[in-house]
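Here the structure comes first, spelled out in structure tokens, and everything after it is commentary.
In this note's numbering, the protein residues as written are 20 to 356.
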């Protein structure tokens with residue numbers, strides 16, 4: 020029995036009509052609608068429909084870690100934790116900056132999952148980390164300077180780093196790049212996306228990296244006098260997702276969780292997305308940064324926020340296998356323009 024079947028390569032699908040608002044699970048259905056009947060042929064053989072993995076499925080896989088001390092400018096040593104997919108291959112790159120006093124391995128729940136989803140994640144340990152081993156806490160100006168240099172290294176790795184990856188059969192796709200960070204690290208991630216901060220000496224330095232395709236800031240601080248103002252986010256030039264929660268406060272520093280929305284509110288329209296979790300604090304209840312047993316609700320919303328960030332990155336680095344978000348979760352709100 021003959022029947023009409025259509026097989027259109029995903030790479031041939033015109034997704035230009037998907038620009039604009041993408042909300043909770045619309046992407047998968049929009050992709051299906053966008054497939055035209057061009058290329059249909061009469062055939063006696065049934066063709067199985069293309070399978071789109073959910074974001075949760077991609078994130079639930081396994082990954083591996085590489086510990087490496089890289090040599091940066093002037094011989095400075097930078098400890099790196101590199102999270103990689105289990106299978107050898109060529110993958111997009113995520114550069115990650117941790118929060119103040121934390122370390123890359125305290126974000127294993129986040130970064131190992133992103134690696135399992137098909138990304139190479141390079142996460143430097145900054146000098147302010149409690150695990151770095153300095154005898155005294157570094158001066159704020161030194162922390163700022165080296166954090167930015169560390170992030171530049173993560174986003175544009177040296178031959179030493181790519182060589183270590185090559186030994187394990189891993190290669191970075193230089194055309195697909197995302198900048199991600201948490202808290203203080205979120206600012207480090209936003210600067211390569213075009214945000215402008217005030218340097219410790221009062222100057223402003225353009226740290227934009229034109230190769231960056233997407234930015235994700237988990238709990239970026241609001242306006243900080245002497246560091247970043249509303250105008251600083253007005254120059255964000257790359258699609259940027261801001262993630263926060265209604266309990267995301269740091270007493271004495273950030274007393275209203277809405278302050279974390281500043282990088283979204285003041286960014287140019289058309290490149291912004293915002294995810295908010297009900298009852299979510301600065302560390303998602305202990306899922307990262309300051310790790311401790313988290314409640315079931317915090318765990319579920321963390322997994323959802325991570326799925327949203329994966330979908331956001333997938334889309335903006337132009338992966339062919341953009342993951343499907345599925346239905347919205349209880350306790351979340353999401354907007355994108």
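For each residue, glycine too, the CB sits at the ideal point set by N, CA and C.
- Under the three-state reduction of DSSP, residue 243 is assigned to strand.
- Of the candidates 87, 90, 91 and 170, the residue whose Cα lies closest to the Cα of residue 116 is 170.
- Listed in chain order, the non-local C-beta contacts of residue 140 below 6 Å within the same chain comprise 102, 113, 115, 130, 133 and 134, local neighbours out to five positions each way being set aside.
- The shortest C-alpha to C-alpha distance from residue 264 to any of 257, 255, 275 and 270 is the one to 275.
- Per DSSP, residue 224 has no beta bridge partner at all.
- Counting along the chain, the unbroken alpha helix (DSSP H) around residue 284 starts and ends at 281–284.
- For residue 248, same chain residues with a beta-carbon under 7 Å away, outside a window of 5 residues either side, are 242 in chain order.
- Secondary structure note for residue 303: it is in no beta strand (DSSP E), with a DSSP letter that is neither H nor E.
- With fewer than 16 neighbouring CB atoms inside 10 Å of its own CB, residue 177 falls in the exposed class.
- Put simply, of 165, 341, 344 and 215 the residue whose alpha carbon is nearest the alpha carbon of residue 226 is 215.
- Burial state of residue 100 is buried, judged by a 10 Å Cβ sphere holding 16 or more other Cβ atoms.
- For the stretch 149–202, the full-length beta strand (DSSP E) segments reaching 3 residues or more read 189–201 along the chain.
- Exclusion of the five residues before and after residue 157 leaves 146 and 147 as the residues of its chain whose Cβ lies within less than 7 Å of its Cβ.
- Of all C-beta pairs linking the stretch 293–305 to the stretch 177–193, fewer than three are shorter than 8 Å, placing the two stretches out of contact.
- When the beta-carbon positions are compared, residue 209 and residue 234 come within less than 7 Å of each other.
- Rounded to whole angstroms, the gap between the alpha carbons of residue 334 and residue 174 is 19 Å.
- The C-beta separation of residue 252 from residue 205 comes to about 11 Å, leaving the pair out of contact by the 8 Å criterion.
- Contact between residue 321 and residue 303 is confirmed by a C-beta separation of about 4 Å, below the 8 Å threshold.
- Excluding the 5 residues flanking it on each side, residue 107 has same chain C-beta neighbours closer than 8 Å at 187, 188 and 189, in chain order.
- The Cβ neighbour count for residue 352, taken over all protein chains shown within 10 Å, is under 16; the residue is labelled exposed.
- Between residue 142 and residue 111 a beta carbon distance of about 15 Å is seen, past the 8 Å cut, so the two are scored as non-contacting.
- In the structure shown, residue 82 adopts extended strand secondary structure according to DSSP, grouped into three states.
- Taking all protein chains shown into account, residue 327 has 16 or more neighbouring C-beta atoms within 10 Å of its C-beta and is therefore buried.
- Nearest neighbour of residue 355 by Cα position, chosen from 298, 313 and 261, turns out to be 261.
- DSSP links residue 354 through a beta bridge to 293.
- Annotation: the continuous beta strand (DSSP E) that includes residue 116 extends over 108–116.
- For residue 128, the uninterrupted alpha helix (DSSP H) run begins and ends at 127–135, by DSSP.
- Taken atom to atom, the span from the alpha-carbon of residue 119 to that of residue 203 is near 6 Å.
- Taking C-alpha positions only, residue 283 is separated from residue 95 by approximately 34 Å.
- Straight-line spacing of the CA atoms in residue 224 and residue 165 works out to 14 Å.
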